[in-house]
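Accompanying notes for the structure given below.
In the numbering used here, the protein residues as written are 1 to 262.
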């Protein structure tokens, strides 16, 4: 058994704009349908449905070690992902370690091995072709901490001329958090670099979007996981009373969510 960790370090360059509109679905559709932005061409890709489930021990040992464990279901396949986030005093705070592997017995064994390396020892589990990843992990002692579904409408950001290699990806995500008492939905735009000139492209696309849609797009520094945890906490405390319309968060709710997530 190798002693070294199986994590890979990844450096992500991305921007998120939260849609804070009275009609978030309509605005999301408008943005997803754009054919160009900031002098770049947008090439639309087929929509994708993503179902993410996060798990932890009942005493939150993964959270204490800055670990996230996720089961992702997408296009009929299941994936196991474990991420280790840098600490608050790390000089490489934009870099995180990530292990993402398709669901299988060897993948489950590897995830349990990585957890063991981090001081979280869980019993081994045997799977069959019918085994459900989430139920299998729950049988090893984990509990679900977040269940969310995302419909992603994405476009490749391409130069207007020359080699048509993606410079970035713009994804318009409609997100539904499946909470114990109800579901809560929101829409956001995520722009991720796919090239060496990514930062320049991201900034240009962001400015162009904000120029078109103004205050209905709000820069957002929190990921979906942290945002969902903040929403759940506020709901449990009764602080989002009257802040939902048709299952979607109203624009005025996002100040509270931002503070709770920070």
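Think of the CB as a built atom: it goes at the ideal place given N, C-alpha and C, for glycine as much as any other residue. Remember, predicted model here, so these are calculated numbers, not experimental data.
Residue i - DSSP class collapsed to helix/strand/coil
i	result
residue 241	coil
residue 104	coil
residue 112	helix
residue 117	helix
residue 22	coil
residue 122	coil
residue 98	strand
residue 135	helix
residue 16	strand
residue 249	strand
Cβ neighbours of residue i in the same chain (closer than 8 Å, five flanking residues each side left out)
i	result
residue 209	17, 31, 37, 189 and 217
residue 123	140 and 141
residue 215	20
residue 197	167
Top-ranked residue by Cα proximity to residue i, from the options
i	options	result
residue 212	19, 14 and 15	19
residue 77	206, 248 and 101	101
residue 170	103, 34 and 72	34
residue 121	146, 71, 110 and 128	110
residue 28	58, 137, 154 and 203	154
residue 13	193, 248 and 46	193
residue 156	202, 81 and 74	202
residue 73	134, 119 and 47	134
residue 75	82, 47 and 138	47
residue 53	71, 62, 24 and 40	71
residue 126	137, 117 and 119	137
Environment of residue i [buried if 16+ CB atoms lie within 10 Å]
i	result
residue 114	buried
residue 243	buried
residue 228	buried
residue 174	buried
residue 143	exposed
residue 232	buried
residue 129	exposed
residue 64	exposed
residue 224	buried
residue 180	exposed
residue 168	buried
residue 68	buried
residue 104	exposed
residue 184	buried
residue 59	exposed
Beta-carbon contacts of residue i that lie in its chain and below 6 Å, excluding the five residues immediately before and after
i	result
residue 250	243
residue 222	261
residue 45	154
residue 172	28, 31, 32, 153 and 189
residue 149	51 and 176
Proximity test, Cβ basis, 8 Å: residue i and chain B
i	result
residue 223	As a matter of chain content, chain B is missing from the structure shown, which is built from one protein chain.
Close-in-space but distant-in-sequence residues of the same chain around residue i (CB under 7 Å, 5 per side omitted)
i	result
residue 234	240, 256, 257 and 260
residue 253	240 and 243
Which ranges does the alpha helix (DSSP H) cover as unbroken runs of at least 4 residues, wholly within the segment 24-91, from first to last along the chain?
24-32 and 61-64
Those runs of the beta strand (DSSP E) which lie wholly inside the segment 138-214 and span at least 3 residues
142-159, 168-178 and 183-193
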